[in-house]
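The sequence shown runs 1 to 73 under my numbering.
For every residue, glycine included, the Cβ atom is placed at its ideal position computed from N, Cα and C.
These notes concern the structure reproduced below.
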Amino acid sequence: MSSLSEAIIHLAIDLFHQIRKSEKENIFLSPFSISSALAMTYLGARENTASQMQKVLHFNKIAENTRGGAAKE
1 MSSLSEAIIH LAIDLFHQIR KSEKENIFLS PFSISSALAM TYLGARENTA SQMQKVLHFN
61 KIAENTRGGA AKE
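In structure tokens, the structure reads:
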């Protein structure tokens, strides 16, 4: 995986599969909103929490630096 957008797609698929296990009716979610909120939380996380969030958000599989990468020009 080489981009942040791919990480968001993988998170969306993971979330959908988890929700689908218990929800039998229509499912509506906003992967971008969820990943944005979790990414902001990730930026404040440290040590084990940051490591776990990085795996769940699939940030550990992307080539670019996700921490502060958007701020660099």
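Discussion item. If you measure between the beta carbons of residue 60 and residue 54, is that distance less than 8 Å?
Written reply: Yes, Cβ-Cβ distance for residue 60 and residue 54 is below 8 Å.
Worksheet item: If we count the other Cβ atoms within 10 Å of its Cβ and call it buried at 16 or more, is residue 35 buried or exposed?
Response: buried
Worksheet item: Is the CB-CB distance between residue 7 and residue 58 below 8 Å?
Response: When the beta-carbon positions are compared, residue 7 and residue 58 come within less than 8 Å of each other.
Practice prompt. Whole angstroms is fine: what's the gap from residue 43's alpha carbon to residue 51's?
Written response: The C-alpha of residue 43 lies about 11 Å from the C-alpha of residue 51.
Worksheet item: CB-CB under 7 Å to residue 20, same chain, minus the five flanking residues each way: which ones, in chain order?
Response: Within the same chain, residue 20 has close Cβ partners 27.
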